[in-house]
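Residue numbers (our numbering): -5 to 296.
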Amino acid sequence: MSLSGVQEAVPVESSKSAVSWGPILGGAFAAVGTTLILLLLGSGVGLTMVSPWSGESSSAAAVGVTAAIWLVVVQWLSSALGGYLTGRLRTKWTAAHTDEVFFRDTAHGFISWAVATVFVVGFLTSSLTSLAGAGASAAGAAATAAGAAGTAAASSSASATDLSTSYFTDALLRPERVSANASSDDGAASAEVSRILLNDAAKGEVPEGDKAYIASIVTARTGLTEADARARVDTILKQIDDAKVATQAAADKTRKAAATTALVGSISLLIGAFISSAAAAFGGRQRDEEEDILLTGRGPLV
């Protein structure tokens, strides 16, 4: 009672936490176990595998779409089960408004989904790391056999200045008559043509002087006429340009596919979080209704 004679409302705060970690962890572990079982089931029935034999499996694109759909279904089913168990296993909150109970159930379902997602992502990351390590070990022999080529490819970016210097040196020492040198030293002529092509590929264009010089070497090496040698050079240069365009198109396609996968994955995770929250609220409501039925069904105390 205050001095003015008006009663003051004192808020009553419970000493118990509103978060029940037991049901949350139980639902999360159930979701993780369900995810692993369904993933293994999908691999067993061939939803995520490609047969090495020709004609025995679908195309890589079809398998990729099927695997993506299956992963979404797995994520949604495991989220629903984990959220439902989280809401059903928690104890009844007394002296709590219905809206507050609904909020706590949905929050518990969301937290359970988050814990399960972290566990699954960690498991998949470790599995992919192990697979990558096994693949690297299996490819060790091939990498050793291709050591010289790998060393040259690794040092190509660092020696771009040396390549340009070699190109300009070759340009300075180009003979007036190519036939004698090209016929007498095939290795030097091939190396020089390779340096010209690499330097022009780095610049993105092939000057007319380089085309004429390469055509003269082709004439000396093959016995073709100058016109036929020039046509062969143009054909090869067009093939190089087509390969470059195809590589760029493949890289762009891969980038778009990665962006689409990330977008679909994020939307799927958001829907999974909603499903888990809704399932937890549904399970919690069923749990409270069952308890109310048991309490009202008892006879009077004697």
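Don't be surprised by glycine CBs; every beta carbon is placed ideally from N, CA and C. Values in this document were obtained by computation on a predicted structure and should not be read as measured data.
Between the alpha carbons of residue i and residue j, how many angstroms are there, rounded?
{"i": "isoleucine 105", "j": "leucine 32", "result": "22 Å"}
{"i": "serine 225", "j": "leucine 191", "result": "It should be pointed out that residue 225 corresponds to alanine in this sequence rather than to serine. In a straight line, the C-alpha of alanine 225 is about 16 Å away from that of leucine 191."}
{"i": "alanine 245", "j": "alanine 74", "result": "37 Å"}
{"i": "leucine 34", "j": "valine 68", "result": "11 Å"}
{"i": "serine 72", "j": "threonine 28", "result": "6 Å"}
{"i": "glycine 260", "j": "serine 188", "result": "Just to set this straight, residue 260 is serine in the shown sequence, not glycine. One C-alpha to the other measures close to 47 Å."}
{"i": "serine 270", "j": "serine 262", "result": "12 Å"}
{"i": "alanine 256", "j": "glycine 116", "result": "17 Å"}
{"i": "tryptophan 70", "j": "glycine 266", "result": "5 Å"}
{"i": "arginine 215", "j": "alanine 223", "result": "10 Å"}
{"i": "valine 258", "j": "lysine 247", "result": "16 Å"}
{"i": "valine 239", "j": "valine 39", "result": "38 Å"}
{"i": "serine 150", "j": "aspartate 194", "result": "Because serine 150 carries a pLDDT of 48, less than 50, the predicted location of this residue cannot be relied on, and no value is offered for it."}
{"i": "aspartate 93", "j": "leucine 264", "result": "23 Å"}
{"i": "threonine 254", "j": "valine 59", "result": "12 Å"}
{"i": "glutamate 199", "j": "alanine 206", "result": "14 Å"}
{"i": "tryptophan 64", "j": "leucine 118", "result": "16 Å"}
{"i": "arginine 249", "j": "isoleucine 230", "result": "29 Å"}
{"i": "lysine 197", "j": "glycine 217", "result": "30 Å"}
{"i": "phenylalanine 268", "j": "lysine 10", "result": "27 Å"}
{"i": "alanine 377", "j": "arginine 279", "result": "Past the boundaries of the shown model lies residue 377; the chain is included only from -5 to 296, so the question cannot be answered."}
{"i": "glycine 235", "j": "alanine 243", "result": "It should be noted that the sequence gives aspartate, not glycine, for residue 235. C-alpha separation (whole angstroms): 12 Å."}
{"i": "leucine 62", "j": "alanine 12", "result": "Reading off the sequence, residue 62 comes out as alanine, not leucine. Rounded to whole angstroms, alanine 62 to alanine 12 spans 37 Å at the Cα level."}
{"i": "leucine 30", "j": "alanine 108", "result": "16 Å"}
{"i": "arginine 281", "j": "valine 66", "result": "28 Å"}
{"i": "lysine 232", "j": "serine 120", "result": "45 Å"}
{"i": "alanine 251", "j": "alanine 237", "result": "21 Å"}
{"i": "threonine 241", "j": "glycine 103", "result": "46 Å"}
Count the other CB atoms within 10 Å of the CB of residue i; is the residue buried (16 or more) or exposed (fewer)?
{"i": "alanine 147", "result": "With a pLDDT of 45 at alanine 147, under the threshold of 50, the predicted position of this residue should be treated as unreliable, though the coordinate-derived value follows. Flag for alanine 147 reads exposed."}
{"i": "glycine 77", "result": "buried"}
{"i": "alanine 81", "result": "The question names alanine, but residue 81 in the sequence shown is glycine. That one is buried."}
{"i": "isoleucine 208", "result": "buried"}
{"i": "aspartate 228", "result": "exposed"}
{"i": "aspartate 204", "result": "buried"}
{"i": "serine 48", "result": "Below a pLDDT of 50, predicted positions are generally treated as unreliable, and serine 48, at 48, falls in that range; no measurement from the model is reported."}
Can you give the beta carbon distance from residue i to residue j, rounded, assuming they're within the 8 Å contact cut?
{"i": "valine 26", "j": "alanine 110", "result": "5 Å"}
{"i": "isoleucine 211", "j": "alanine 183", "result": "5 Å"}
{"i": "threonine 213", "j": "glutamate 220", "result": "6 Å"}
{"i": "alanine 24", "j": "phenylalanine 113", "result": "With 8 Å as the limit, alanine 24 and phenylalanine 113 do not qualify as a contact, their Cβ atoms being about 11 Å apart."}
{"i": "leucine 79", "j": "glycine 20", "result": "6 Å"}
Is residue i near the ligand ADP, judged by its Cβ being under 7 Å from some heavy atom?
{"i": "glutamate 220", "result": "Of ligands this structure carries none, so the ligand ADP is not represented either."}
Legend entry - At least three beta-carbon pairs within less than 8 Å, the region 11 to 22 to the region 69 to 89: yes
Inset, instruction - Specify whether the region 263 to 280 and the region 92 to 100 touch according to this definition: at least 3 beta carbon pairs, one from each stretch, less than 8 Å apart. - result: yes
Legend entry - Contained alpha helix (DSSP H) runs [length at least 4] in the region 184 to 217, N- to C-terminal order: 202 to 216
Inset, instruction - Please specify which runs of the beta strand (DSSP E), each continuous and at least 3 residues long, are wholly inside the region 244 to 270, giving them in chain order. - result: none
Legend entry - Start-end ranges of the alpha helix (DSSP H) lying completely within the region 53 to 123, minimum 4 residues: 54 to 83
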